[in-house]
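Numbered by my numbering, the letters in the sequence shown go through residues 1 to 214 in order. Where a beta carbon is used, it is the ideal one built from N, C-alpha and C, also for glycine.
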Amino acid sequence: MAQPGYLRVQFTPAVPGPEFEEWRQSALEAPPTSTLQQIFSATDEPEEAKPYRYENVYNVSDTEQIDLGALLQKWDSPRAKLTLLLYKRLNFDSHPGTETPVAGNVVVANSLTPSPEADDLTDYHDWYEQEHVHILKEVQGWRTGSRYELIAAAGEQAEYAGPFMAVHHYDETNGLGGGKWKKSVMTDWLKRVDQKMLRPPHRRTFKVVSVTKL
């Protein structure tokens with residue numbers, strides 16, 4: 001059975017600017033089994049631990065068909081160094097009618113590193129599926145929530161990528177930072193899960209520049 005997934009392509013441009021943007025938005029041939037391409041630009045503050053400001057992501061219907069080495073060769077260019085991160089999808093939730101992202105969406109991507117002990121992993125998965133995503137659904141502007149497990153990485157890899165990642169899309173006008181969002185990060189269950197994390201969450205925020213169905 002085909003395993004749906006998510007491919008992140010992170011760029012370190014040689015020279016940021018219009019030529020680089022045109023190349024990354026239109027010159028890269030989509031990976032096999034891609035169903036959706038999204039172009040992201042980072043909106044969080046630049047810092048040493050978050051060097052990547054430009055990212056393309058592809059929803060893929062079969063991760064088995066994705067060869068990261070072959071893609072690095074195909075996309076090799078003096079315009080940028082690339083990092084490729086391939087994930088298998090664990091969960092997908094949405095409100096009716098918001099399943100497909102649109103330009104202008106706010107994206108929050110959290111890389112998480114739970115303890116690999118079986119009981120700790122079970123508690124982490126249960127917390128997300130039974131509590132966390134249901135609270136986030138109540139936040140103004142929340143559209144979709146997806147969760148992934150990293151299965152392969154290649155390229156420059158200048159930024160940390162945890163073994164699990166949650167990606168949430170919001171409308172431009174949203175309740176991030178508000179009361180309902182704060183509720184999602186202050187529960188007793190989350191505090192217990194956080195105690196078993198091997199490192200703090202690696203949180204990134206982006207704006208969706210464009211969306212292309214493939």
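Quiz item: What residue from Trp142, Lys74, Ser111, Asp126 has the CA that sits closest to Leu190's CA?
Solution: Of the candidates Trp142, Lys74, Ser111, Asp126, the residue whose Cα lies closest to the Cα of Leu190 is Asp126.
Quiz item: Got a sec, what are the start and stop residues for the alpha helix (DSSP H) Gly179 sits in?
Solution: Per DSSP, Gly179 belongs to the alpha helix (DSSP H) from 179-184.
Quiz prompt | From Pro16, Glu22, Pro4, Met1, residue whose alpha carbon lies closest to that of Ser210 | solution = Glu22
Quiz item: Of the residues Val106, Val108, Asp123, which one's Cα is nearest the Cα of Pro114?
Solution: Asp123
Quiz item: Just how far apart, CA to CA, sit Leu84 and Gln140?
Solution: 32 Å
Practice problem: Under 7 Å Cβ to Cβ from Gln3, same chain only, skipping five residues before and after it: list those, please. | Solution: Asp62, Thr63, Glu64, Lys88
Quiz item: Under a three-way DSSP split, which group does Gly5 fall into?
Solution: strand
Quiz item: Quick one, are the C-beta atoms of Tyr58 and Ser41 less than 8 Å apart?
Solution: no
Quiz prompt | Phe20 to Glu129 span [Cα, whole Å] | solution = 39 Å
Exercise. Could you pull the start and end residues of the alpha helix (DSSP H) that Asp120 belongs to?
Key: 118-127
Quiz prompt | Alpha carbon of Glu131 to alpha carbon of Gly178, nearest angstrom | solution = 18 Å
Practice problem: Report yes or no: do the region 191-199 and the region 88-103 share at least 3 C-beta pairs separated by less than 8 Å? | Solution: no
Quiz item: Excluding sequence positions up to five away, which residues of its chain have a Cβ less than 7 Å from the Cβ of Ala14?
Solution: Pro78, Arg79, Ala80
Exercise. Would you kindly report the start and end of the unbroken beta strand (DSSP E) that includes Val60?
Key: 54-60
Self-check item: Cβ separation of Ala152 and Leu86, assumed to be a contact under 8 Å, to the nearest whole Å
Solution: 4 Å
Practice problem: Could you tell me which uninterrupted alpha helix (DSSP H) segments, each at least 4 residues in length, are contained entirely in the region 125-204, listed from first to last along the chain? | Solution: 133-136, 179-184, 188-195
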